């Protein structure tokens with residue numbers, strides 16, 4: 002008799018759990034979430050053509066210019082575009098924007114050798130933006146979109162040997178991952 006009561010209790014509990022879930026309690030994988038910043042690399046000598054960056058490595062930097070992690074955001078790859086995550090704190094705090102800094106290392110594989118004729122090249126960029134939170138649904142919660150500051154949405158620290166020669170913001174708002182927001186010429 003105890004087994005029957007226990008079995009009925011378990012079945013009733015499982016039934017309650019299954020039927021209490023509503024369809025909107027699950028955030029579908031296809032639902033857009035907080036997007037990444039998309040940067041495309043173009044040839045400075047022929048601005049219409051994409052140009053790959055050889056062995057690019059990207060690290061996020063903290064306020065002390067130290068990498069945030071031992072694991073790079075983009076690990077040594079030859080590519081003509083990258084997706085970068087942006088930090089978000091609070092939405093539009095006193096008109097203050099948010100900044101995220103990245104270290105872009107061209108020819109990163111040369112950092113490990115002692116041959117001075119082949120050397121890596123590091124440029125540091127700062128992305129300035131204002132996060133905005135948009136309600137998606139009860140299951141998904143909020144997502145962030147980012148409004149790049151105008152005209153200083155991207156800046157580069159000057160150094161003696163820059164590989165990034167210039168850049169353009171082609172889309173002020175980072176709200177999806179369908180198109181690039183920034184073009185970097187090198």
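Residue numbers (the working numbering): 2 to 187.
Just so you know, even glycine gets a beta-carbon here, dropped at the ideal spot from N, CA and C.
If you're wondering where the values come from, they're calculated on a predicted model, not measured in any experiment.
Collapsing the DSSP output to three states places residue 153 in coil. Note on geometry: alpha-carbon atoms of residue 155 and residue 111 lie some 27 Å from one another. For residue 52, the secondary structure class from DSSP, reduced to helix, strand or coil, is coil. In this structure, the alpha-carbon of residue 89 lies about 8 Å from that of residue 145. Counted as a single uninterrupted DSSP element, the stretch harbouring residue 34 is not any beta strand (DSSP E), since DSSP gives it neither H nor E. Distance from the CA of residue 41 to the CA of residue 10, rounded to the nearest whole angstrom, comes to 59 Å. Straight through space, the alpha carbons of residue 150 and residue 101 are spaced by roughly 12 Å. For residue 135, the closest of 33, 3, 27 and 12 by C-alpha to C-alpha distance is 33. Residue 142 and residue 30 have their C-alpha atoms roughly 13 Å apart. The Cβ atoms of residue 38 and residue 183 sit closer than 8 Å to each other. Residue 113 and residue 68 have their alpha carbons spaced roughly 17 Å apart. Residue ranges of uninterrupted beta strand (DSSP E) with 3 or more members, entirely inside the region 56-96 and ordered along the chain, are 75-80 and 82-85. A direct Cα-Cα distance of roughly 47 Å separates residue 132 from residue 12. Comparing C-alpha distances from residue 45 to each of 165, 171 and 177 shows the shortest one belongs to 165. Counting other Cβ atoms within 10 Å of its Cβ, residue 107 reaches 16 or more and is therefore classed as buried.
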